[in-house]
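Shown next, in structure tokens, is the structure this report addresses.
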Amino acid sequence: MTNIQNVAIIGSGTMGNGIAHTFAQFGFKVALVDISQEALDRGIATITKNLDRQVAKGSITESDKQNTLTNITSFTDMKTGVANVDLVVEAATENVDLKLKIFKDLDAFTSPETILATNTSSISITKIAAVTSKADKVIGMHFMNPVPIMKLVEVIRGYATSDEVAALTMELSKKLGKTPTEVNDYPGFVANRILMPMINEAIYSLYEGVAGVEEIDTVMKLGMAHPMGPLQLADFIGLDVCLSILNVLYDGFGNPKYAPCPLLVNMVTAGYKGAKSGEGFYKYTAGSKDLVVSAKFKK
Ligand SMILES: NC(=O)c1ccc[n+]([C@@H]2O[C@H](COP(=O)([O-])OP(=O)(O)OC[C@H]3O[C@@H](n4cnc5c(N)ncnc54)[C@H](O)[C@@H]3O)[C@@H](O)[C@H]2O)c1
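Numbering-wise (full-length UniProt numbering), the sequence shown opens with residue 1 and increments by one.
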């Protein structure tokens, strides 16, 4: 399997539609698979809106936009969608049981040669690979959000991933205009192993009264040249997602340094999940241009 042309993406949410957009823009034929036509329609609408933005900025032409859209076909039936593809990139909801079921099915529905990649943020690649009959063909391809813009692909080798599949995945990521970086399969890989403890420490600093929301974010933005502060970033990632990744680190290493801050646990339990729920450390109101600190954290 050296010439990858046909690709299936499982899941058309935030990451899946971005991954489909990127492959299609670089000339690959993409089968986009989700469980409902509504989810697929939302995914295609997002891709169209993001392509329009690229045309407006002059980074692609109108005909590039049309070609990209033509390269994408959507499917609600996974078996049909993945028939005859060279590569699958799974970007369904972050849930271990769901991913294990999807990979069992992918193993049955694809040819022995098909590479099976997952975009999981934190679930063990080795564990996912173990439910298939071809663990050497299973690999992590961790794209960053928003996929068409962010350069990094964290390529994660499972315990049994072959050298050939790792090399192919690195090569393929470069063909998408990305900069791939190869890492091994331990909890959080590299990106989240470093990012999540920083976010957790920022939340602890707030919880212990060291400083307020804006002060913590300002220190990291202006002092460390981060494009956004860790509390705002946590809001964008989703506080529920941050909590679940911290739990993966805590369980995986058994080290108390990864224990999620009780304030984060309380916020998620109360439904304050960040930007997607309208409120986290900041309040997100439709049309508001300026970030407003949540009333809960106003001094
Ligand atoms: N959001 C991020 O910033 C980010 C960054 C890197 C990696 N990830 C990872 O990407 C994956 C997807 O995350 P997301 O943020 O796009 O989630 P999302 O909730 O936006 O989208 C998930 C999609 O998967 C679909 N889905 C669920 N079960 C399915 C099935 N059996 N078959 C096909 N589709 C199914 C859902 O309908 C939904 O459209 C997760 O593994 C997550 O950890 C997310």
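All C-beta atoms in this analysis are idealised placements derived from N, C-alpha and C, irrespective of residue type, glycine included.
Using only the heavy atoms of ligand 1, determine whether one of them is closer than 6 Å to the beta carbon of Ala92.
Residue mapping note: residue 92 aligns to position 92 of the sequence shown, counting from 1. Flag set: Cβ of Ala92 near ligand 1.
Kindly give me the distance between the Cβ atoms of Asp136 and Thr161, rounded to whole angstroms, as I take these residues to be in contact under 8 Å.
Working through the sequence shown from its first residue, we reach residue 136 at position 136. Working through the sequence shown from its first residue, we reach residue 161 at position 161. The pair is a contact, with the Cβ atoms about 6 Å apart (cut-off 8 Å).
DSSP puts His226 in a beta bridge; with which residues?
What you label residue 226 is simply residue 226 of the sequence shown in a count that begins at 1. Partner(s): none; His226 has no beta bridge.
Starting from Lys29 and walking both ways along the beta strand (DSSP E), at which residues does that stretch end?
Position 29 of the sequence shown, counted from the start, is the residue given in the question as residue 29. It spans 29-33 - the beta strand (DSSP E) in which Lys29 sits, taken as one unbroken run.
Using CA coordinates, which residue listed in His226, Ser59, Val210 is at the minimum distance from Leu195?
As a working mapping, residue 195 is identified with position 195 in the sequence shown. Answer by Cα proximity: His226.
Starting from the C-beta of Val241, find all residues in its chain whose C-beta is less than 8 Å away, skip the five residues before and the five after it, and write them out in chain order.
Within the sequence shown, residue 241 is the residue found at index 241, counting from 1. Glu94, Ser121, listed in sequence order.
Taking 6 Å as the line, does the beta carbon of Gly188 fall inside it for any heavy atom of ligand 1?
One-based indexing of the sequence shown puts residue 188 at position 188. It does not: the Cβ of Gly188 is nowhere closer than 6 Å to a heavy atom of ligand 1.
With distances taken between CB atoms, is the gap from Leu263 to Ile216 smaller than 7 Å?
The sequence position of residue 263 within the sequence shown is 263, counting from 1. The sequence position of residue 216 within the sequence shown is 216, counting from 1. Not a contact, by the Cβ cut-off of 7 Å.
Alpha carbons only, please: which of Val30, Ser173, Tyr284 is nearest the one belonging to Gly11?
Taking the sequence shown and counting its residues from 1, the one referred to as residue 11 is at position 11. The residue with the shortest Cα to Cα distance from Gly11 is Val30.
Ala83: beta carbon under 6 Å from a heavy atom of ligand 1?
On the sequence shown, position 83 is the one that residue 83 refers to. For ligand 1, not one heavy atom lies less than 6 Å from the Cβ of Ala83.
Does any heavy atom of ligand 1 sit closer than 6 Å to the C-beta of Met15?
Walking along the sequence shown from the start, residue 15 turns up at place 15. The answer is yes for Met15.
Just to confirm, does Ser124 get its C-beta within under 6 Å of one of the non-hydrogen atoms of ligand 1?
Indexing the sequence shown from 1 puts residue 124 at position 124. Because no heavy atom of ligand 1 lies under 6 Å away, the Cβ of Ser124 does not count as near it: no.
Identify the residues that DSSP records as bridge partners of Asn6: which are they?
Taking the sequence shown and counting its residues from 1, one reaches residue 6 at position 6. DSSP output for Asn6 lists Lys29 as bridge partner(s).
Pull up the CB-CB distance for Leu239 and Val268, whole angstroms please, since I reckon it's below 8 Å.
In the sequence shown, residue 239 corresponds to position 239, counting from 1. In the sequence shown, residue 268 corresponds to position 268, counting from 1. So it is a contact: roughly 5 Å between Cβ atoms.
Under the criterion of a Cβ to heavy atom distance below 6 Å, does Ala191 qualify as lining ligand 1?
What you label residue 191 is simply residue 191 of the sequence shown in a count that begins at 1. For ligand 1, not one heavy atom lies less than 6 Å from the Cβ of Ala191.
Out of curiosity, what's the CA-to-CA distance linking Val147 and Ile102?
By one-based count along the sequence shown, residue 147 stands at place 147. By one-based count along the sequence shown, residue 102 stands at place 102. Cα-Cα distance, rounded: 22 Å.
What residues in its chain sit with their C-beta under 7 Å from that of Thr14, if we drop five residues either side in the sequence?
As a working mapping, residue 14 is identified with position 14 in the sequence shown. The answer, listed in chain order, is Asn145.
Hey, how far is the Cα of Thr218 from the Cα of Gly229?
To locate residue 218, count along the sequence shown from 1; it is residue 218. To locate residue 229, count along the sequence shown from 1; it is residue 229. Whole-angstrom Cα-Cα distance: 7 Å.
Report yes if the CB atom of Pro180 is closer than 7 Å to the CB atom of Val210, and no otherwise.
As a first step, residue 180 is located in the sequence shown; it is residue number 180 there, counting from the start. As a first step, residue 210 is located in the sequence shown; it is residue number 210 there, counting from the start. Against a cut-off of 7 Å, the Cβ pair of Val210 and Pro180 comes out as no contact.
Answer yes or no: do Met78 and Val33 have a C-beta to C-beta separation smaller than 7 Å?
On the sequence shown, position 78 is the one that residue 78 refers to. On the sequence shown, position 33 is the one that residue 33 refers to. Their beta carbons are under 7 Å apart, which means Met78 touches Val33 by this criterion.
Taking only beta-carbon positions, decide if Tyr204 is within less than 7 Å of chain B.
Of the protein chains in the structure, only one exists, and it is not chain B.
Return helix, strand or coil for Tyr282, following the three-state DSSP convention.
Counted from its first residue, the sequence shown places residue 282 at position 282. Strand.
From the DSSP output, which residues share a beta bridge with Phe189?
As a position in the sequence shown, residue 189 is number 189, starting the count at 1. None, per the DSSP bridge assignment.
What are the start and end residues of the alpha helix (DSSP H) that includes Pro262?
For the purposes of this step, residue 262 is taken as residue 262 along the sequence shown, with counting starting at 1. That run of the alpha helix (DSSP H) goes 262-269.
With hydrogens ignored, establish whether the beta-carbon of Asp34 is closer than 6 Å to any heavy atom of ligand 1.
Numbered from 1 along the sequence shown, position 34 holds the residue referred to as residue 34. Within the cutoff, so yes.
Whole angstroms are fine: how far does the CA of Leu222 sit from the CA of Gly16?
By 1-based counting over the sequence shown, the position of residue 16 is 16. By 1-based counting over the sequence shown, the position of residue 222 is 222. About 33 Å.
Quick check on the DSSP output: what are the complete beta strand (DSSP E) runs of length 3 or more inside the segment 96-148, in order along the chain?
If we require 3 residues or more, the beta strand (DSSP E) runs fully inside the segment 96-148 come out as 115-118, 138-143.
Rounding to the nearest angstrom, what Cα-Cα distance links Lys289 and Met220 in this structure?
Looking up residue 289 in the sequence shown gives position 289. Looking up residue 220 in the sequence shown gives position 220. Approximately 21 Å between the Cα atoms of the pair.
Buried or exposed for Gln232, going by 16 or more other Cβ atoms inside 10 Å?
Within the sequence shown, the letter at position 232 stands for residue 232. Its Cβ being crowded by 16 or more others within 10 Å, Gln232 is buried.
Which residues bound the beta strand (DSSP E) around Val82?
Here residue 82 is taken as the residue at index 82 of the sequence shown, counted from 1. Note, Val82: premise wrong, no beta strand (DSSP E); alpha helix (DSSP H) at 78-82.
Would Asp107 be called buried (16 or more neighbouring beta carbons within 10 Å of its own) or exposed?
For the purposes of this step, residue 107 is identified with residue 107 of the sequence shown, where counting begins at 1. By the neighbour-count rule (16 or more Cβ atoms within 10 Å), Asp107 is buried.
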